[in-house]
Amino acid sequence: MISSVIMVMAYLLDRWLGEVKRFHPLVGFGWLSTAIEHTFNFQHVTPKTTSLLLPRLLGVLSWLILCLPLPIIYYYFHQNQLLFWCLDALVLYFAIGLKSLKLHALQIFNPLNKNDLATARYFCGYLVSRNTADLSEQEISRATVESVLENGHDAAVASFFWFIIGGIPLVILHRLANTLDAMWGYKNQRFIHFGWCAARMDDLLGWPSAKITALLYACQTNFSCSKMISALNNGYRQGQHYKSLNGGWVMATGASVLNFTLGGTATYHGKTVTSTPLGCGNSVVKNDIFRSINLVNKAVIILMFTYFCYQLLHYFYSVNL
Numbered sequence: 000m001i002s003s004v005i006m007v008m009a010y011l012l013d014r015w016l017g018e019v020k021r022f023h024p025l026v027g028f029g030w031l032s033t034a035i036e037h038t039f040n041f042q043h044v045t046p047k048t049t050s051l052l053l054p055r056l057l058g059v060l061s062w063l064i065l066c067l068p069l070p071i072i073y074y075y076f077h078q079n080q081l082l083f084w085c086l087d088a089l090v091l092y093f094a095i096g097l098k099s100l101k102l103h104a105l106q107i108f109n110p111l112n113k114n115d116l117a118t119a120r121y122f123c124g125y126l127v128s129r130n131t132a133d134l135s136e137q138e139i140s141r142a143t144v145e146s147v148l149e150n151g152h153d154a155a156v157a158s159f160f161w162f163i164i165g166g167i168p169l170v171i172l173h174r175l176a177n178t179l180d181a182m183w184g185y186k187n188q189r190f191i192h193f194g195w196c197a198a199r200m201d202d203l204l205g206w207p208s209a210k211i212t213a214l215l216y217a218c219q220t221n222f223s224c225s226k227m228i229s230a231l232n233n234g235y236r237q238g239q240h241y242k243s244l245n246g247g248w249v250m251a252t253g254a255s256v257l258n259f260t261l262g263g264t265a266t267y268h269g270k271t272v273t274s275t276p277l278g279c280g281n282s283v284v285k286n287d288i289f290r291s292i293n294l295v296n297k298a299v300i301i302l303m304f305t306y307f308c309y310q311l312l313h314y315f316y317s318v319n320l
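Under numbering that gives the first Met the number 0, the letters of the sequence shown match residues 0 to 320, in that order.
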């Protein structure tokens, strides 16, 4: 039962405090990651080399140095005491970002609601990696919704999922791996080989939690089994053709539940990319930003409630033995 209490504490801390503006642990991790990358990723400076092995090995070594020590240390020193339970709640709070995701999305929605496209494009640039300078209202809405649905997995459900599976050490491992993928997982000259490990490990660690996130999205179909199955089917069929396998599953299922279509053409770092259509239904409008935020929040609540019920049943079963 303690695990459920810790999850609720972390959720309430996030609702109350939001993201820490100063001294967030992931900011420090980002600085350290940049220093490690500058030290080990020297081959992109001399791209004449034909060897793929060395930059990939250096990327693997860098990933191991950055991602493994902290979870191992936490696991080794952790004890079942009140102080450590409070620390668990605090670390889990740092790992999730529900309120931050909502605030970033609202920074885009509010200008859109006032037909202020320039401001909406500006804040959209903080949320997505695509070029936002010439986006229309519909394209801004689509980019925002895609980011909310995908980050609903990365910044919320995945952390709760890994806490249920293996406690805070796995939460830390996933969050650090996900952060490294965001920093190094680019297919450009600098990171195509050095960032290979970071991208693959994020895909691996995100695979089970992405499927759980898709299921939690699909559960929100007003108790319609046919709609639930259809949403999951779209997640499977469409997601496997999307540029991000885990993100495709999550976004396709969420879009199907909310009855709109995502994907299409976008410009990334000067290169136009056409993505597989995800979901089914109408084009995204600005009000769908709110709907996607609610979908993510309800997914987290469903997960916590389901786990609490499981723990309650397990407790009564063990008492009656």
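The C-beta atom is built at its ideal place from N, Cα and C for all residues, glycine as well. This one's a predicted model, so the numbers in the text were calculated from it and none came from an experiment.
By Cβ distance below 6 Å, which residues in the same chain neighbour residue i in space, the five residues on each side in sequence not counted?
i: Asp87; result: Ile5, Ile167
i: Phe190; result: Trp183
i: Cys279; result: Ser255
i: Asn177; result: Asp153, Asp201
i: Val90; result: Ile167
i: His103; result: Leu126
i: Asp13; result: Tyr92, Ile95, Leu97, Lys98
Determine the direct distance from the alpha carbon of residue j to that of residue i, and round the result to whole angstroms.
i: Leu231; j: Leu244; result: 14 Å
i: Asn65; j: Val318; result: Checking the sequence, you will find Leu at residue 65 rather than Asn. The alpha-carbon atoms of Leu65 and Val318 are separated by roughly 43 Å.
i: Leu203; j: Gly262; result: 23 Å
i: Leu51; j: Phe28; result: 27 Å
i: Gly165; j: Thr273; result: 38 Å
i: Gln106; j: Ala119; result: 7 Å
i: Tyr267; j: Tyr316; result: 54 Å
i: Gln310; j: Asn296; result: 21 Å
i: Leu81; j: Tyr314; result: 20 Å
i: Asn40; j: Asn112; result: 44 Å
i: His192; j: His23; result: 29 Å
i: Lys20; j: Ser225; result: 43 Å
i: Thr131; j: Tyr121; result: 7 Å
i: Gly124; j: Asn109; result: 15 Å
i: Leu67; j: Leu56; result: 16 Å
i: Asp287; j: Phe259; result: 9 Å
Candidates the options: which alpha carbon is nearest residue i's?
i: Leu25; options: Leu175, Ala213, Val318; result: Leu175
i: Phe93; options: Pro110, Leu63, Lys285, Leu11; result: Leu11
i: Asp201; options: Arg290, Tyr235, Ala157; result: Ala157
i: Lys98; options: Ala119, Arg129, Leu89, Gly151; result: Gly151
i: Gly58; options: Phe259, Ala197, Ser135; result: Ala197
i: Thr33; options: Val7, Lys20, Leu67, Ser61; result: Ser61
i: Pro54; options: Trp206, Thr143, Leu294, Gln188; result: Gln188
i: Asn7; options: Asp133, Ile71, Val147, Ala155; result: Here residue 7 turns out to be Val, not Asn, going by the sequence shown. That would be Ala155, whose Cα lies nearest to the Cα of Val7.
i: Ile35; options: Trp15, Glu18, Leu63, Leu16; result: Leu63
Which whole-angstrom value describes the C-beta separation of residue i and residue j, a residue pair presumed to lie in contact below a C-beta threshold of 8 Å?
i: Val170; j: Thr212; result: About 15 Å; that fails the 8 Å criterion.
i: Leu302; j: Phe159; result: 6 Å
i: Ile292; j: Lys101; result: 5 Å
i: Ser282; j: Ile163; result: The Cβ separation is near 36 Å, so there is no contact.
i: Ser140; j: Val284; result: 6 Å
i: Leu257; j: Arg290; result: 5 Å
i: Val277; j: Gln237; result: For the sequence presented, residue 277 should be read as Leu rather than Val. Confirmed, Cβ separation roughly 5 Å.
Residues in the same chain with beta-carbon distance under 8 Å from residue i, minus the five sequence neighbours each way, listed in chain order, please.
i: His240; result: Gly247, Thr275
Starting from the C-beta of residue i, find all residues in its chain whose C-beta is less than 7 Å away, skip the five residues before and the five after it, and write them out in chain order.
i: Tyr185; result: Gly194
i: Asp180; result: Ala197, Ala198, Asp201
i: Glu145; result: Met250, Leu261
i: Ala9; result: Ala88, Leu91, Tyr92, Ile95
i: Trp84; result: Ile1, Ile5
i: Trp161; result: Leu169, Val170, His173, Ser208
i: Thr252; result: Ala213, Tyr216, Ala217, Ala230, Leu231, Asn233, Gly234
i: Glu136; result: Leu111, Leu116, Lys285
i: Trp206; result: Asn245
Quick one: does residue i have its CB under 8 Å from some CB of chain B?
i: Ala94; result: No chain B appears in the structure shown, which is made up of a single protein chain.
What runs of the alpha helix (DSSP H), each 4 residues or longer, lie entirely inside the region 81-110? Counting whole runs of 4 or more residues, the region 81-110 contains the alpha helix (DSSP H) stretches 81-94.
So within the region 123-203, which uninterrupted alpha helix (DSSP H) runs reach at least 4 residues, ignoring any that extend past its ends? 136-151, 157-165, 167-183, all fully within the region 123-203.
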